[in-house]
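2 protein chains.
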Amino acid sequence: MGFRIVTINREFGSGGRTIGKQVAQRMGVTCYDEELVTQIAKESGMSQSFIQSFSEEASATSSFLFTLNNWANNALSDQIYITQRKIIQDLAEQGPCVIVGRCADYFLKERTDCLNVFIHANMEFKKDRIVRLYGEKADTPEKRILDKDKRRIAYYKYYTDRNWGQAANYHLCLDSSVLGVDRCTDLIYSLVEG
Amino acid sequence: MGFRIVTINREFGSGGRTIGKQVAQRMGVTCYDEELVTQIAKESGMSQSFIQSFSEEASATSSFLFTLNNWANNALSDQIYITQRKIIQDLAEQGPCVIVGRCADYFLKERTDCLNVFIHANMEFKKDRIVRLYGEKADTPEKRILDKDKRRIAYYKYYTDRNWGQAANYHLCLDSSVLGVDRCTDLIYSLVEG
């Protein structure tokens, strides 16, 4: 069987980005995550921070409704989305890679060489992870996780009309808090190898 | 790591039952599916057909609203549910096994030795499978699939207040139409082995 491309959607704090990097390392290919913002900036001529304010990772310092309003009423938001789609589709054409977030599963849904993965975890695991690894403040980690994911859920729904985290949208969904981050990497890589 | 018990929820036609039986065979344990109805009948003193009319597999010959009404307004339905929970929890205590459907993931959610799996597939795969393997009429397989799953979704929601097919409710979700039935069995068994 085997897959050339892996897309990873993930709950904040689930270790999905780490899993993506580990899988890419095992495959000997690039893992596109923050790198995508740089590419979108380059292609669109907009600044990185401006692009981030319109993305699924829109800063938590702006309110959720402000962020949603940004997507819904701004032609620039659509332009960024279209540039993002083009870059992701071009990357997939160029060769094997791993892409984290940014609706990549949706953009590449017609490809048969693409494995779409969703990583989730229980709240305790995610809270511990963001405090320990990302240095988030220990007093409000749950709020921070829910807020981050709320934006991802809304962004995915707004642009794809799909429900984020619904098993039917992915080929493989893994609970990293029960299976472990390294075991998730092993499982995904075993499918890539075929 | 390793798991002693595997629960499998599945879309109708996805091959989830076959996967359950294959995993059980590899583990050298029993796969409980229809066998559960026999046990519930024995324990409750009710007939098998009567129990089935109140279950997630309620006959498609009765209307969906009639079935839903059966669950919501009948003390017998709750009694069957409670007997079912007791039997499944007892089975898990007795030793390793595989249990297909019947909210087993929910009944065993406190156990750390239980792997909860959800199997889904695209419509073409499911249609082909139920016509080829179960001899369903070839002219309305999609309606039959949607009707079956509608009952499972409603039953699961009514009794567990959870959304069926939401990745967060399972440790592992697999698309059997993309990964293949045998590969799904391999993946689950590799986790059971630890």
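Heads up: the protein sequence lines correspond to chains A and B, in order.
In short: position in the first sequence from 1, add 13, done, that's the working numbering.
In short: position in the second sequence from 1, add 13, done, that's the working numbering.
All C-beta atoms in this analysis are idealised placements derived from N, C-alpha and C, irrespective of residue type, glycine included.
Remember, it's a predicted structure, so these values are computed and weren't measured experimentally.
Among all the DSSP beta bridges, which residues are the ones paired with residue i?
i: THR20 (chain A); result: A:ILE112 and A:ASN129
i: TYR45 (chain B); result: B:ILE112
Can you tell me whether residue i is helix, strand or coil according to DSSP?
i: ARG124 (chain B); result: coil
i: MET12 (chain B); result: Since the first residue shown for chain B is 14 and the last is 207, residue 12 (chain B) is missing from the structure and cannot be characterised.
i: SER203 (chain B); result: helix
i: GLY26 (chain B); result: coil
i: GLY33 (chain B); result: helix
i: SER90 (chain A); result: helix
Restricting to Cα atoms, I'd like to know which of the options is closest to residue i.
i: LEU6 (chain B); options: B:THR198, B:SER90 and B:LYS99; result: In this structure chain B extends from 14 to 207, so residue 6 (chain B) is not present and cannot be described.
i: GLY178 (chain B); options: B:TYR119, B:LEU146 and B:ILE95; result: B:TYR119
i: CYS44 (chain A); options: A:VAL194, A:GLY148, A:SER57 and A:LEU104; result: A:LEU104
i: ILE21 (chain B); options: B:GLY207, B:GLN92, B:ARG165 and B:ASP174; result: B:ARG165
i: ILE143 (chain A); options: A:ARG17, A:ASP195 and A:GLY26; result: A:GLY26
i: SER90 (chain B); options: B:LEU187, B:ARG124 and B:TYR171; result: B:TYR171
i: PHE11 (chain A); options: A:ARG124, A:VAL130 and A:GLU155; result: Shown here, chain A extends from 14 to 207; a query on residue 11 (chain A) therefore has no answer.
i: SER189 (chain A); options: B:SER190, B:ASN182 and B:SER189; result: B:ASN182
i: ILE32 (chain B); options: B:GLN52, B:THR51 and B:THR198; result: B:THR198
i: CYS127 (chain A); options: A:GLY41, A:HIS184, A:LEU146 and A:GLN61; result: A:HIS184
i: GLY6 (chain A); options: A:GLY108, A:CYS116 and A:ASP141; result: The structure shown has nothing for residue 6 (chain A), since chain A only spans 14 to 207.
i: VAL42 (chain A); options: A:ILE112, A:LYS163, A:THR96 and A:GLN92; result: A:ILE112
i: TYR94 (chain B); options: B:TYR169, B:TYR147, B:ASP162 and B:ILE132; result: B:TYR169
i: ALA88 (chain A); options: A:THR125, A:ILE64, A:ALA167 and A:VAL130; result: A:ILE64
i: PHE16 (chain A); options: A:ARG23, A:ARG30 and A:MET40; result: A:MET40
i: VAL191 (chain B); options: A:ASP162, A:VAL205 and A:ILE158; result: A:VAL205
i: CYS110 (chain A); options: A:ASN129, A:LYS55 and A:LYS161; result: A:ASN129
i: ALA167 (chain A); options: A:CYS116, A:PHE131 and A:MET59; result: A:CYS116
i: ARG175 (chain B); options: B:GLU56, B:LYS122 and B:GLN52; result: B:LYS122
i: GLU106 (chain A); options: A:TYR202, A:ILE18 and A:GLY193; result: A:ILE18
i: GLU223 (chain B); options: B:GLN97, B:THR125, B:ALA180 and B:LEU187; result: Residue 223 (chain B) is absent from the structure shown; chain B starts at 14 and stops at 207.
i: GLY114 (chain B); options: B:ARG124, B:GLN102 and B:PHE131; result: B:PHE131
i: SER57 (chain A); options: A:ARG23, A:GLN35, A:ARG145 and A:GLN92; result: A:GLN92
i: ARG124 (chain A); options: A:GLU149, A:LYS150, A:SER62 and A:GLN102; result: A:GLN102
i: MET136 (chain B); options: B:ASP152, B:GLU149, B:LEU159 and B:ARG145; result: B:LEU159
i: GLU24 (chain A); options: A:THR51, A:TYR147, A:ALA134 and A:ILE201; result: A:ALA134
i: GLY108 (chain B); options: B:SER60, B:SER66 and B:ALA37; result: B:ALA37
i: ARG196 (chain A); options: B:GLY193, B:LYS163, B:LEU200 and B:VAL194; result: B:LEU200
May I ask whether a heavy atom of the ligand MN can be found less than 7 Å away from the beta carbon of residue i?
i: ILE64 (chain B); result: In the structure on display, the ligand MN does not appear, and there are no ligands present to speak of.
Could you check whether the Cβ of residue i sits closer than 8 Å to any Cβ belonging to chain E?
i: VAL113 (chain B); result: You won't find chain E in this structure, because its protein chains are A and B.
| task | Residues of the region 87–117 of chain A with a CB closer than 7 Å to any CB of chain B: list them in chain order, please. | result | Against chain B - using a Cβ distance shorter than 7 Å - the region 87–117 of chain A contributes no residues.
| Start-end ranges of the beta strand (DSSP E) lying completely within the region 130–196 of chain B, minimum 3 residues | 185–188
| query | Taking any Cβ of chain A, which residues in the region 173–205 of chain B have a Cβ under 8 Å from it, in chain order? | reply | Against chain A - using a Cβ distance shorter than 8 Å - the residues of the region 173–205 of chain B are GLY178, GLN179, ALA180, ALA181, TYR183, HIS184, LEU185, CYS186, LEU187, ASP188, VAL191, LEU192, GLY193, ARG196, LEU200, SER203 and LEU204.
| task | Can you give me, in chain order, the residues of the region 129–146 of chain A that have a beta carbon less than 8 Å from any beta carbon in chain B? | result | The residues in question are PHE131 and HIS133.
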